[in-house]
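Encoded as structure tokens, the structure appears first; notes follow it.
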Amino acid sequence: MTILVTGGAGFIGSNFVIDWFKQSSEQIINLDLLTYAGNLNNLETLGNNHNHVFIQGNIIDSNLIKTVLDRYQPRAIINFAAESHVDRSIHDPSIFLQTNIMGVFNLLESSKCYWQNLPASDKEKFRFVQVSTDEVYGSLASDSPAFTEQNRYEPNSPYSASKASSDHIVRAYQHTYGLPTLTTNCSNNYGPYQFPEKLIPLMIHHALNHKPLPIYGDGLQIRDWLFVKDHCRAICKVLENGIPGETYNIGGKNEKTNIELVKEICSILDQLRPIAKNANIEKYEDLITFVKDRPGHDRRYAIDNTKIEQTLHWTPVETFESGLYQTVQWYLANLKWVDQILSGDYRAWIEKQYT
């Protein structure tokens with residue numbers, strides 16, 4: 011038995027692969043292009059696990075996908091592969107359209123051809139899981155109910171538009187060809203191995219180096235925060251028990267403004283890594299700096315978990331406080347991992363984006 015995971019060296023994908031082997035010996039074929047956000051160091055804890063087969067490659071490469079499917083005969087495909095940073099999509103949308111739309115189309119077309127030629131029993135069991143985002147639903151007013159699976163798609167950034175497009179293509183392949191697909195739309199993830207351009211690791215890294223903590227606009231944008239390990243458990247539930255053709259929203263039930271989040275990170279750092287008495291600041295919160303808001307910045311996201319809770323019996327284990335504390339602890343214990351990532355290109359991007 012084998013599953014194919016695409017994007018399995020990225021943030022969410024690598025956490026999924028690591029957690030998978032804590033509870034299963036089923037083989038994973040891990041396909042990742044290793045762009046700037048993909049990192050084989052994320053998978054070091056797997057050692058020489060013979061059930062983990064890594065292949066460097068692009069989901070746009072149809073010949074490669076066909077070869078992998080024919081050789082390893084997976085019972086399921088879980089697609090984590092995506093360009094995912096809204097800020098980068100604003101500066102250069104083209105790579106987002108290539109990976110998130112054409113890449114998913116290629117995966118679906120290759121999967122359809124592979125699936126249609128499976129024996130009847132294997133064909134019935136096959137699953138294609140598309141890992142998507144709550145950003146496809148657009149922005150919520152402060153008093154609006156949380157997103158359900160019935161919310162219409164209203165993407166507002168090139169990133170969310172590209173993910174919305176891929177979700178629609180997934181739906182079309184299920185409806186038109188009968189390919190057994192499932193889609194998950196998750197809220198903002200956080201936890202170990204997240205690339206430090208994202209809000210939480212960016213704040214941790216800047217704070218430890220006494221750099222300004224850049225907050226967009228007034229800092230009152232609201233996000234629903236989901237600990238990555240809880241997300242991985244939800245995807246396993248969807249893979250094993252989800253109904254083909256269905257969509258499942260996955261959220262953490264943790265709505266926080268950006269400024270609340272950053273202040274909580276600062277508070278945890280004050281406890282775990284107190285500032286030296288001779289420093290030019292007294293507490294990490296002194297580093298908070300408000301910068302110009304990004305174009306088209308969505309005001310609020312929130313996820314209604316009712317469907318996945320009632321049908322698949324999944325609920326998040328971690329509270330916002332416990333998950334964030336674990337995350338800060340992990341980054342403090344893995345500063346070498348962060349240092350290996352912070353290349354000149356990364357520093358140039360941060361300067362360009364927040365100066």
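In the numbering used here, the protein residues as written are 11 to 365.
Glycine included, C-beta positions come from ideal geometry on N, C-alpha and C.
Pull up the CB-CB distance for residue i and residue j, whole angstroms please, since I reckon it's below 8 Å.
i, j, result
"T191", "Q140", "6 Å"
"I318", "I260", "6 Å"
"G229", "Q184", "Actually they are not in contact, since the Cβ atoms of G229 and Q184 sit about 40 Å apart, beyond 8 Å."
"S176", "N110", "5 Å"
"L43", "G23", "Their Cβ separation, rounded to whole angstroms, is 12 Å, which puts L43 and G23 out of contact at 8 Å."
State buried or exposed for residue i, treating a residue as buried only when at least 16 other CB atoms are found within 10 Å of its CB.
i, result
"H241", "buried"
"K302", "exposed"
"V180", "buried"
"I291", "exposed"
"V327", "exposed"
"E93", "buried"
"P284", "exposed"
"M11", "exposed"
"L279", "buried"
Smallest Cα separation from residue i: which of the options?
i, options, result
"A19", "N51, Q37, Y226", "N51"
"N58", "V78, I28, A86", "I28"
"W235", "K221, T143, S152", "T143"
"Y163", "T257, T329, L44", "T257"
"A289", "G252, D42, N219", "N219"
"K266", "I88, E331, Q320, T325", "E331"
"A151", "V96, R233, I38", "R233"
With a Cβ-Cβ cutoff of 9 Å, do residue i and residue j count as a contact?
i, j, result
"G17", "Y200", "no"
"S154", "S120", "no"
"H215", "P202", "no"
"V146", "A182", "no"
"L322", "V248", "yes"
"E306", "S167", "For the record, residue 306 in the displayed sequence is Gly; it is not Glu. Contact flag set, yes."
"Q108", "I70", "yes"
"F136", "L117", "no"
"S277", "E295", "yes"
"F21", "K208", "yes"
Compute the Euclidean distance between the alpha carbons of residue i and residue j, then round it to the nearest angstrom.
i, j, result
"L342", "G113", "35 Å"
"L14", "K122", "14 Å"
"V348", "E274", "21 Å"
"I225", "N344", "24 Å"
"V63", "R98", "30 Å"
"K375", "L297", "As shown, the chain starts at 11 and ends at 365. That puts residue 375 outside it, with no answer to give."
"V272", "T329", "16 Å"
"D350", "N49", "A small fix is needed here, since residue 350 is Gln in this sequence, not Asp. Rounded to whole angstroms, Q350 to N49 spans 10 Å at the Cα level."
"K133", "Q339", "44 Å"
"H101", "R309", "20 Å"
"R81", "I253", "27 Å"
"N40", "A286", "43 Å"
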